[in-house]
Amino acid sequence: MMTPEQYKVEKEYRLARNVLLRILFEKLITESEFVQIDTKLKEKYKPIIGDLLS
1148 MMTPEQYKVE
1158 KEYRLARNVL
1168 LRILFEKLIT
1178 ESEFVQIDTK
1188 LKEKYKPIIG
1198 DLLS
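Numbers given in my numbering equal positions in the sequence shown, counted from 1, plus 1147.
Below you can see the structure in the form of structure tokens.
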């Protein structure tokens, strides 16, 4: 079970990643840039479940 803080972090990471995916699909960034930014998001948020799914 997740703590409220873990849930908040997970939610914030997933939201940021969804925005990032949208930017990628719109071809505003490259796949390489996507990977770099997603890595930074993982470092910032340290998601538990989101990291397993990506």
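The beta-carbon is built from N, C-alpha and C at its ideal position, and this holds for glycine as well.
Fair warning: this is a prediction, and the values are worked out from it, not measured in the lab.
When the five nearest sequence neighbours on each side are left out, no beta carbon in the same chain lies closer than 7 Å to the beta carbon of Q1183. Here the C-alpha atom of E1152 lies approximately 29 Å from the C-alpha atom of E1180. DSSP assignment within the stretch 1155 to 1193 yields the following whole alpha helix (DSSP H) runs of 4 residues or more, N-terminal first: 1178 to 1192. Close CB contacts of I1170 within its chain, under the 6 Å cut and outside five residues either way in sequence, are with I1176 (chain order).
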